[in-house]
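Residue numbers (this note's numbering): 63 to 449.
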């Protein structure tokens, strides 16, 4: 099949959505499909077209940024050309431009699938509110035009204002998750580099430094954790500075974090490669996912941690709670409850043997190859309906 993938941000942008789309695109390529990703040229220096690990990436020029979105005047022309060249369309939402692609798929009888990653909530402000409404409107149009909608979990789908409207088109497919193999020596070297004084326990957080991720909940929980473990250290993996729309949030929390850094209780690792992420997880005692709202639909990092036998503590949010519920490797805490977060982390560190599971089965369930097969079946099913 010739598969056209549409999303606003692709590599080098980093988010759960882009990681998902990249893993799946590469899995399709390995299974013999031709894959083109249509995305934005959100950084002017990026090439308009390039090949990335067998995936053709086409970037539409960006006229301007609006909050977390972009305006691409020539996207319609590029989209029409590419839809005509491909057999099926796979769209990642939320996305302002998905409706146009889905409409082309409907009119040209190309099997079209939407993967809905999370509900959208923009930062405060009139412009952001307007952008939010526009994306909601266009996403609903896309849902009307598309043939199928994929959600990560039934839990999230039932509780999402968007997905709950389109249950008749819904299919549940787990997200693709994998990490490269790294040696014990490399894992030890990573620990020595980032934790030379061997602080313990190590609490991991892998995310963008964004409001919805609940960084302040972990910061507040640390007060209680430090009383029990004075040498605790947090490793924050992911971008944390100059994130569009999150500058004020980072500025507000910076004084607290800087004080923790001076004590050795907080360490920013920055953006890590996949190899380094594979070195990151085995050095943790627990992974924290204290997300605050439905812009988090699952938390892929929980599965990555569990694959490395690291338990997770997650907010009691639809979807986000599912990895812990499915695999019994951690605890679920009330949203925004720093005391419960602290108590759960302490309990998990004190009793690590309680939070173990079959990691081989987890790896098999989320293997990109397996997930690609499920999408192939959906595309074939739609194709047969259109004949």
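All C-beta atoms, glycine included, are put in the ideal place defined by N, C-alpha and C.
| Item | Value |
| --- | --- |
| Beta-carbon separation (whole angstroms), residue 428 vs residue 373, contact threshold 8 Å | About 17 Å separates the two Cβ atoms, so there is no contact after all. |
| Span of the beta strand (DSSP E), counted from its first residue to its last, around residue 122 | 117-123 |
| Among 253, 148, 78, nearest to residue 329 - alpha-carbon criterion | 253 |
| Contact check, residue 133 vs residue 124, beta carbons under 8 Å | yes |
| Local conformation of residue 72 per DSSP, three classes | coil |
| Cutoff 6 Å; reference residue 217; Cβ partners in own chain excluding five residues on either side | 380, 381, 384 |
| Bridge partners - residue 295, DSSP secondary structure assignment | 264 |
| Inter-residue Cα distance where the pair is residue 399 and residue 377 | 9 Å |
| Residue 210 (DSSP reduced to helix, strand or coil) | strand |
| Own chain residues within Cβ distance below 6 Å of residue 92, not counting five before or after | none |
| Secondary structure of residue 393, DSSP reduced to three states | strand |
| At least three beta-carbon pairs within less than 8 Å, the region 206-225 to the region 302-316 | no |
| Beta-carbon separation (whole angstroms), residue 309 vs residue 183, contact threshold 8 Å | In fact, because the Cβ distance is near 17 Å, the residues do not count as touching under 8 Å. |
| CA-to-CA distance, residue 199 to residue 161, given in whole angstroms | 9 Å |
| Beta-bridge pairing of residue 177 - partner residues as DSSP gives them | 154, 212 |
| Euclidean distance between Cα positions of residue 296 and residue 391 | 20 Å |
| Whole-angstrom distance between residue 107 and residue 314, CA atom to CA atom | 31 Å |
| Top-ranked residue by Cα proximity to residue 103, from 94, 137, 84, 97 | 137 |
| Per DSSP, the bridge partner or partners of residue 96 | 64 |
| Residue 410 beta carbon less than 8 Å from that of residue 348 | yes |
| Distance between beta carbons of residue 154 and residue 127, contact taken as under 8 Å | About 19 Å; that fails the 8 Å criterion. |
| Proximity below 8 Å, CB of residue 65 to CB of residue 96 | yes |
| Inter-residue CB distance, residue 334 and residue 241 (contact presumed, cutoff 8 Å) | Not confirmed; about 11 Å, so no contact. |
| Residue 236 versus residue 79 - alpha carbon distance | 13 Å |
| Burial state of residue 164 (16 or more Cβ within 10 Å) | buried |
| Residue 430 classed as buried or exposed, judged by whether at least 16 other C-beta atoms fall within 10 angstroms | buried |
| Enclosing beta strand (DSSP E) for residue 330 [first to last residue] | 328-332 |
| Neighbourhood of residue 367 by C-beta, 6 Å cutoff - its chain only, sequence neighbours within 5 removed | 343, 349, 374 |
| Cutoff 8 Å; reference residue 396; Cβ partners in own chain excluding five residues on either side | 377, 378, 402 |
| Strand pairing of residue 111, partner residues [DSSP] | 120 |
| Beta-ladder partner(s) of residue 131, from DSSP | 128 |
| Where residue 230 falls, given that 16 or more other Cβ within 10 Å makes a residue buried | exposed |
| Beta carbon of residue 239 nearer than 8 Å to that of residue 365 | yes |
| Through-space distance from residue 243 to residue 269, alpha-carbon basis | 21 Å |
| Under 8 Å between C-beta atoms of residue 88 and residue 68 | no |
| Beta-carbon spacing of residue 264, residue 346 below 8 Å | yes |
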